[in-house]
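S.K.: Before anything else, here's the structure in question.
Numbering (my numbering), first residue to last: 65 to 327.
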């Protein structure tokens with residue numbers, strides 16, 4: 065009996081090694097087919113006032129630059145990337161030919177879009193997998209992230225709406241005239257928050273953190289959380305009674321689960 069088990073074990077071990085080697089070889093071969101290529105790399109000469117990006121599977125970075133330029137890289141056999149102008153709107157689209165889900169450790173399936181903007185936009189609209197914005201100016205901004213994070217640094221986004229399905233919302237050293245931010249799962253973090261600006265913050269699960277570098281003069285905090293899990297901690301001295309001045313600028317906060325910190 066022991067001899068039979070030993071033989072079965074040896075055969076099983078040999079088969080595992082053989083199939084492991086074949087799988088390893090196939091993964092390397094498949095990875096070579098999925099080489100990342102530059103699909104779009106061009107300056108945009110048109111007079112653009114609006115930027116619209118629909119790229120649910122991509123990593124998008126929008127930053128300030130000397131000229132309007134679009135660079136799109138990805139696995140050509142899996143995505144279709146386009147940059148087209150309609151009137152004064154630049155439309156960026158990235159569509160999946162098939163799902164980019166792979167357990168292949170040799171695969172490099174990242175789909176990346178980099179856009180540089182030389183001037184302020186009237187409208188910035190992005191529907192995307194992840195968003196990274198730096199040094200951008202717009203009168204109105206609509207930012208929706210399907211997964212991963214929404215990161216904004218050193219930007220002025222005017223009237224702002226931001227939504228994240230899964231991941232963090234992070235604003236650093238940025239401005240807006242009013243904002244509506246919502247997150248299904250993850251934190252909302254706004255550092256160097258603009259003072260005396262109306263804000264509507266909604267979070268299903270995660271902390272909400274606001275930090276101010278300047279003194280507020282006309283703001284009111286409304287905590288609409290329905291249970292103790294939406295506890296609010298205010299260390300900003302002028303807001304210890306939830307209001308400073310006449311309270312015309314309302315910060316409305318709804319948090320189902322997680323702390324609210326205002327510093």
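Virtual Cβ for every residue (Gly too), placed ideally from N, Cα, C.
Just to confirm, are residue 105 and residue 135 a CB contact at a threshold of 7 Å?
M.R.: Yes. Within cutoff.
S.K.: Just to confirm before moving on: does the CB-CB distance between residue 222 and residue 202 stay below 7 Å?
M.R.: It is a contact, given that the beta carbons lie within the stated cut-off.
S.K.: Name the two residues that bound the continuous beta strand (DSSP E) containing residue 108.
M.R.: Counting along the chain, residue 108 falls outside any beta strand (DSSP E), and DSSP gives it neither H nor E.
S.K.: How would you call residue 157, buried or exposed, if buried means at least 16 neighbouring beta carbons within 10 angstroms?
M.R.: Residue 157 should be labelled buried.
S.K.: Excluding the 5 residues flanking residue 159 on each side, which residues of the same chain have their C-beta closer than 7 Å to its C-beta?
M.R.: 143, 144.
S.K.: Going by the CB atoms, is the gap between residue 312 and residue 282 shorter than 7 Å?
M.R.: Yes. Within cutoff.
S.K.: Consider the C-beta atom of residue 314 and the heavy atoms of the ligand HEM; say whether any pair is separated by less than 6 Å.
M.R.: The ligand HEM is not part of this structure, which contains no ligands at all.
S.K.: Would DSSP call residue 301 helix, strand or coil?
M.R.: Residue state, collapsed to three classes: helix.
S.K.: Quick check: what's the CA-CA separation for residue 113 versus residue 196?
M.R.: Computed Cα separation, rounded: 20 Å.
S.K.: Looking only at C-alpha atoms, which of 140, 263, 205, 289 sits nearest to residue 101?
M.R.: The shortest C-alpha separation from residue 101 is found at 140.
S.K.: Under the rule that 16 or more other beta-carbon atoms within 10 Å means buried, what is residue 278, buried or exposed?
M.R.: Burial call: exposed.
S.K.: Quick check: residue 295 and residue 323, are their CB atoms within less than 7 Å of each other?
M.R.: Against a cut-off of 7 Å, the Cβ pair of residue 323 and residue 295 comes out as a contact.
S.K.: I'd like the list of long-range same chain contacts for residue 288, defined as Cβ closer than 7 Å, with 5 residues on each side in sequence excluded.
M.R.: Within the same chain, residue 288 has close Cβ partners 316, 317, 318.
S.K.: Where do the N-terminal and C-terminal ends of the beta strand (DSSP E) with residue 138 fall, by residue?
M.R.: Per DSSP, residue 138 belongs to the beta strand (DSSP E) from 133-139.
S.K.: Using a Cβ-Cβ cut-off of 6 Å (strictly less than) and excluding sequence neighbours within five positions of residue 146, which residues of its own chain qualify?
M.R.: Contacts found: 157.
S.K.: What residues in its chain sit with their C-beta under 6 Å from that of residue 241, if we drop five residues either side in the sequence?
M.R.: Hits under 6 Å: 222, 223.
S.K.: Does any C-beta atom of chain C lie closer than 7 Å to the C-beta of residue 208?
M.R.: Annotation note: the requested chain C is absent from the structure, which comprises a single protein chain.
S.K.: Measuring CB atoms only, is the segment 252-260 touching the segment 225-238, in the sense that at least three cross pairs come out at less than 8 Å?
M.R.: Verdict: yes, contact present.
S.K.: For residue 75, which residues in the same chain have their Cβ closer than 8 Å to its Cβ, ignoring the five residues on either side in sequence?
M.R.: Closer than 8 Å at the Cβ level, and outside the excluded window around residue 75, lies no residue.
S.K.: Which residue comes first and which comes last in the beta strand (DSSP E) that contains residue 280?
M.R.: Note, residue 280: premise wrong, no beta strand (DSSP E); not H, not E.
S.K.: Residue 297 to residue 119, Cα distance in whole Å?
M.R.: Straight-line Cα distance between these residues: approximately 37 Å.
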